[in-house]
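The block underneath contains the structure these notes are about, expressed in structure tokens.
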Amino acid sequence: MPNPLRVPRVNNNDDSVRVVDLAVKEGDFVKRGQIVGAVETDKAVLDVPAEQEGFVLKVLHREGDSASVGSVLLWLGAAADERVPEPSREAEGESEPGQSSRPTAKALAMLRELGLEGSAIPAAGERLTVSDIEAWLARSAHDRAAPARDDAAPQIAGEYRELSAEEHGMFSAVLWHRDHAAPAYLELEYDPQPWESYAADYAQRNKLMLSPLLALLAFRLVELAKASPRINVTVVGKRAYQYAAVNLGFTVQAGPTLYLAVVRDAQEMSAGRFIDALGEVQRHAMAHKLRPSEATGATLAFSSMARWGVSRHVPILPPLTSLIVAHAAPRTGGGAVLGASYDHRLLSGSDVAQVLQALAERPQ
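Structure, rendered in structure tokens:
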């Protein structure tokens, strides 16, 4: 029987998203958890994984399309020749004009308790759920508490210009950090010499021209996420969303542009394969030719400002992550700092301190 893969909700404020990437076509076979595309709003980008394995029977949205949350992105089937249902508003997760999505039993009880009409509340899928009501209530409270207003124009002469695509991406990331996460920061002093020696030995053994120090540190973070999956998580609505894959985001400064290049499925890689994969996305970033899959979907991140001699910095959290590690240059007189920005809604200072302590110790 064909099964629909529906357009997910990226955040509570948007009932439609834009399809920015489609990694499959009709006839392809996909595995459960495989990324089939990505959608975005003004604030974040979200990968869309297949919820089960099967053949792609029909794709209903294309790259660049605006798609309603809950509508069918594509149909999957056990056999490549299965027929998909005829298009209908109900199949697409939409209601007929003047009708609302039918509430679940729990949602109906909640509506009655609060004295609300379900017709005023948008549903993410075919049925109105308690999560939909909670999201609507939170959004309504936010709107009442902080009405939107335009920034006042500066009094100094100048002119407007549109943000570039890269500036818009950074702008959106900063807004997500400000509006969604409960950001916190802590740091740990450590001796960087053992790590530097380890990286030098690794480079000599593997005949590498450049130091793999940062790549090895980032790979160690991937290993820690495999051992402690709770750091590889985010918040969606009022629930924790545990990622199945470890997609490592790595900051790359390419001239005036800051990118977050992403190595996907890093949990399945050896150190050597990870170093190669990270080098590839770094080269693509330096050439301003990152593919969509290499610029989206980070589940945790690593940043370094050591090349500029910076001894301490506090990075912002990339959208839909709960942890970014900050690496810096050694301080005058010895010693260095490893820091981390984290989402305090999910992680405590103790959680992050343990990650940094483990990261500071070079592999055996």
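Every letter in the sequence shown is one number past the one before it in my numbering, and letter 210, counting from 1, is 216. Even for Gly, the Cβ is constructed at its ideal location relative to N, Cα and C. Given the structure is predicted, the values throughout are model-derived calculations rather than measurements.
query, result
"Extent of the continuous beta strand (DSSP E) to which residue 74 belongs", "72-74"
"Sequence-distant residues of the same chain with beta carbon closer than 6 Å to residue 310, five excluded per side", "220 and 333"
"Spatial distance of residue 201 from residue 317 (CA atoms)", "17 Å"
"Reference residue 357, options 31, 239, 325 and 207, closest by Cα", "239"
"Cβ pair residue 69, residue 36 closer than 8 Å", "no"
"Beta-carbon proximity list for residue 40, same chain, < 6 Å, skipping 5 on both sides", "56"
"For residue 259, three-class secondary structure by DSSP", "strand"
"Cα-Cα separation, residue 225 to residue 269", "10 Å"
"As assigned by DSSP and simplified to three states, the class of residue 53", "strand"
"Segment contact, 8 Å Cβ cut-off, at least three pairs: the region 353-370 with the region 227-245", "yes"
"Whole-angstrom distance between residue 21 and residue 180, CA atom to CA atom", "21 Å"
"Span separating the alpha-carbon of residue 265 from that of residue 129", "34 Å"
"Cβ-Cβ separation, residue 299 to residue 50 (assumed contact under 8 Å), whole Å", "Not a contact, Cβ separation roughly 16 Å."
"Best match in 274, 223, 303 and 275 for proximity to residue 345 [C-alpha to C-alpha]", "223"
"Close beta carbons around residue 218, own chain, < 7 Å, minus the five adjacent residues each side", "205, 208, 209 and 281"
"Option in 230, 197, 46 and 186 with minimal Cα separation from residue 244", "186"
"Secondary structure, alpha helix (DSSP H): runs of 4+ residues fully inside the region 173-241", "199-211 and 219-233"
"Given residue 339 as reference, the closest of 198, 295, 359 and 272 once Cα atoms are compared", "198"
"CA nearest to the CA of residue 214, picked from 173, 285, 12 and 112", "285"
"Neighbourhood of residue 53 by C-beta, 6 Å cutoff - its chain only, sequence neighbours within 5 removed", "41, 44 and 303"
"Cβ shell of residue 258 (< 6 Å), same chain only, five flanking positions each side left out", "265, 267, 288 and 291"
"Nearest candidate by alpha-carbon position, reference residue 261, set 294, 271, 241 and 33", "294"
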